[in-house]
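Protein sequences appear in the order of chains A and B. Numbering follows my numbering, with no gaps: position 55 of the first sequence is 315. Numbering follows my numbering, with no gaps: position 163 of the second sequence is 168. Yeah, the Cβ is synthetic: ideal placement off N, Cα and C, and Gly gets one too. Keep in mind that this is a model prediction, so the values were computed, not measured. Structure first, commentary second.
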Amino acid sequence: MGRLLQVGVLLASFVMLAGGVLYVRAHHTATPDYRIFKSEPQALRHVGGVLKGVVAGDSAAVIQLAVLLLIATPVARVVFALIAFGIERDKLYIAVSAVVLAVLVFGFIRSQ
Amino acid sequence: MTLLTFTALLFIGALLAGLLGALTGLGGGVVLVPLLTLGFHVDIRYAIGVSLISVIATSSGAAAAYVREGFSSVRIGMFLEVATTLGAILGAYLATVVHTQALAIIFGVVLLYSSYLSWQQVCKPVPPLTKGSPWSDRLRLSGDFPRKDGSRCKYEVENIPGGFSVMFVAGALSGLLGIGSGAVKVLAMDRIMKVPFKVSTTTSNFMIGVTAAASAGIYLHRGLITPGLAFPVMLGVLTGSLIGARYLVRAHVGVLRVVFTFVVLALGVEMIINGVTKWF
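Structure follows, in structure tokens:
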């Protein structure tokens, strides 16, 4: 399971680096200002929009894809723990893992 | 300042935050948010969003190393993640209704508390206890970990409701402030549930990523995770924490911890003063 986490983080880092280099190249003349909160564009806030942006070659969308990969990494760990408890036939911890997974999925879907 | 300079400076700052966080075990998030808000004048909500992402990266990166050593307990972690993930979702919702200056003040208070906890660890190590509650076995939370000579050291846990409640608070703080709240998690396991310290710290590291993932989705959907910040900060913190974990563990951690304690203390005071003066 440690390997899984490493792979997830490594993958996300590579995507992040690629997206970041493209982002800086595309916006290098702009002056960044994050003093006042203005929400990110709607397209960069959900899975479908991010994927569309990646296909269209939008560097900001590539960075958001890396963010999604990062969020998915611990979730995948819970899924794998659930499977491992299943193999051990540990009913109590199958239930506990399922509850954690349900909370994670709820948090992700409910907020859309 | 152009985007390139801004990005480079952010990367270096995040790298230092990750390095300090790994060295002291307090995590990068604790210094990252003050760095972004006080140093780079970033809106605190952006800082919290990007910090959450970095927390997931460092926790998953560091946890990978510990899982192989056999210290962390998957069962204790999973059991308590029920509390931390629920807390994290509550925290992320609270973040929308709380005034931004109030967020800064709460963050400052947490910093003061972290520095206090960090200071305590410098002064007195806690002796481990192994006698636990009957529920420790029923919930299969008892376990063992390898000693240096290869034998296994058995342990049981106690005060499970107390630990569970504090974990809920840890999760809420994580979702509200974008920190891993590793210090509070260790407090819940080590002090309240009497889980051995080494098991507490490694399991906490493991849990931080799952807890942060519960609220990160909410931040993303709210448009609080901004690509221009996420890129340099996440890579910087991750690099810093990996360097810290790999090369500097054997360095003078005692001295560094004292220095860091005062840095965190000063940042906490600064966050509170800044929050109060801007609010009123």
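- B:Arg-157 has B:Pro-151 as its beta-bridge partners, per DSSP.
- Take the alpha-carbon of B:Ile-277 and the one of B:Ser-170: they are about 27 Å apart.
- Annotation note: the region 269-316 of chain A contains no uninterrupted beta strand (DSSP E) run of length 3 or greater.
- Within chain B, the residues placing a beta-carbon under 7 Å from that of A:Val-356 are Met-83, Phe-84 and Val-87, ordered along the chain.
- In the DSSP assignment, B:Met-83 falls within the unbroken alpha helix (DSSP H) covering 79-102.
- Closer than 8 Å at the C-beta level to chain B, one finds these residues of the region 290-305 of chain A: Ala-290, Thr-291, Pro-292, Tyr-294, Arg-295, Ile-296, Phe-297, Ser-299, Glu-300, Pro-301, Gln-302, Leu-304 and Arg-305.
- The Cβ of A:Gly-317 sits no closer than 9 Å to any Cβ of chain B.
- About 19 Å separates the beta carbons of B:Ile-223 and B:Ala-107, which is beyond the 8 Å limit, so they are not a contact pair.
- Taking 9 Å as the cut-off, the beta carbon of B:Thr-90 is found no closer than this to the beta carbon of B:Gly-233.
- Pairing B:Ser-65 with B:Ile-165, the inter-Cα distance amounts to about 25 Å.
- Scanning the region 175-255 of chain B for uninterrupted alpha helix (DSSP H) segments of 4 residues or longer gives 187-191, 202-226 and 232-252, listed from N- to C-terminal end.
- Using a Cβ-Cβ distance cut-off of 8 Å, the region 354-367 of chain A and the region 9-27 of chain B are not in contact, since fewer than three pairs of beta carbons, one from each stretch, lie closer than that value.
- Between the C-alpha atoms of B:Thr-207 and A:Leu-270 there is a straight-line separation of about 20 Å.
- Where B:Arg-143 is concerned, the enclosing alpha helix (DSSP H) starts and stops at 139-143.
- Note that the C-beta distance between B:Ile-184 and B:Gly-32 is below 9 Å.
- Sixteen is the threshold: when 16 or more other Cβ atoms of the shown chains lie within 10 Å of the Cβ of A:Pro-292, as they do, the residue is buried.
- For B:Pro-237, at least one C-beta of chain A is nearer than 9 Å to its own C-beta.
- Collapsing the DSSP output to three states places A:Arg-349 in coil.
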